[in-house]
Amino acid sequence: MSQINGAVLVLSGPSGAGKSSLINKIIDDIGECYFSISTTTRPMREGEEDGVHYHFVSEEEFKREIEEDQFLEYAVVHGNYYGTSMRPVKKALEEGKLVIFDIDVQGNSAVQNRLGDITTSVFITPPSLSELRRRLENRSTDSQEVINKRLEMAKREIQRVSEYDFLLINDDLDETADKLRLIAITARLKKSSDEINAFVVKWEES
Ligand code: 5GP
56 MSQINGAVLV LSGPSGAGKS SLINKIIDDI GECYFSISTT TRPMREGEED GVHYHFVSEE
116 EFKREIEEDQ FLEYAVVHGN YYGTSMRPVK KALEEGKLVI FDIDVQGNSA VQNRLGDITT
176 SVFITPPSLS ELRRRLENRS TDSQEVINKR LEMAKREIQR VSEYDFLLIN DDLDETADKL
236 RLIAITARLK KSSDEINAFV VKWEES
């Protein structure tokens, strides 16, 4: 990828961790961002809109995009495909934006492999498994079966938290938002290795 001036902020953590609420709290304070819209084969939930929350596609279409090598990363989560298309991310990075991903631990590891030098990663979690269960049950948007699946996934994901730059324990929304704001502002300062090399050459010559 050429001429990258932007940077990447990866957010992972279980549904119910408060990722969307946190982003809404800080979005006006962290400069120009592009919030990556993933493509998924999972059915649309009530209140969701195609092209806003996700690009909803059939499994056949998703597999075609895999073959065409259009994804920066993709993974199977809860039995459905989820992926990040390369093209809009590349454009946003070239425009110098902070690209924000809400992806799972597999996605983080793929993004680290491809864009590690400009990526800052944050794992966000409620203070405990029982608190996560309480939040998911209070939301009452999911069946008990789905809630159990999410809890199982959260238990697996938390094992890989050491792969992240930061762990945020979201027990107070305002306090956690303050921390995430600092991280997002700092994330933007990361430079790609190409940019650093070019700077070093220029620095030596001038
Ligand atoms: P949900 O179905 O609740 O919206 O998302 C389920 C999980 O999929 C979440 O952990 C979310 O972070 C993850 N996810 C959403 N989009 C992507 C993506 O493009 N790539 C990967 N690897 N994970 C994703």
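Each number in this note's numbering corresponds to the 1-based position in the sequence shown with 55 added.
Glycine included, every Cβ here is placed at the ideal spot set by N, Cα and C.
As the structure is a prediction and not an experimental result, all values here were calculated from the model.
Our two residues, leucine 127 and arginine 189, have alpha carbons roughly 34 Å apart in a direct line.
DSSP places isoleucine 179 in the strand class (E or B) of the three-state scheme. Annotation: serine 91 to threonine 139 spans about 7 Å, alpha carbon to alpha carbon.
Annotated three-state conformation of glycine 138 is strand, per DSSP. Aspartate 226: not part of any alpha helix (DSSP H); DSSP gives it neither H nor E. The alpha-carbon separation between glycine 171 and glutamine 214 amounts to approximately 21 Å. Measuring C-alpha to C-alpha distances from aspartate 227 to each of Gly73, Ser67, Asn60 identifies Gly73 as the nearest. Between the ligand 5GP and glycine 134, a heavy atom-to-CB distance of less than 7 Å is absent. With a cutoff of 8 Å on beta-carbon distance, tyrosine 136 and glutamate 114 are scored as near each other.
Contact annotation: alanine 242 and leucine 77 have beta-carbon atoms that are not nearer than 8 Å. Inclusion of glutamate 87 and leucine 153 in the CB contact set at 8 Å is warranted, their separation being smaller than that value. Judged by the Cβ position, threonine 139 qualifies as a neighbour of the ligand 5GP at the 7 Å threshold, a heavy atom of the ligand being closer than this. Cα atoms of valine 201 and histidine 133: separation of roughly 9 Å, rounded to the nearest angstrom. Contact between threonine 180 and isoleucine 121 is absent: CB atoms are separated by about 30 Å, not below the 8 Å threshold.
For the pair aspartate 157 and valine 177, the Cα-to-Cα distance works out to about 10 Å. At a cut-off of 7 Å, the beta-carbon of isoleucine 158 counts as near the ligand 5GP: some heavy atom of the ligand is closer than that.
The continuous stretches of alpha helix (DSSP H) do not include alanine 130, which lies in the beta strand (DSSP E) extending over residues 126 to 132. Closest in alpha carbon position to glutamate 207, among Ile85, Gly68, Ile82, is Gly68. A heavy atom of the ligand 5GP is found nearer than 7 Å to the CB of alanine 130. Rounded to the nearest whole angstrom, the CA to CA distance from arginine 119 to lysine 257 is 43 Å.
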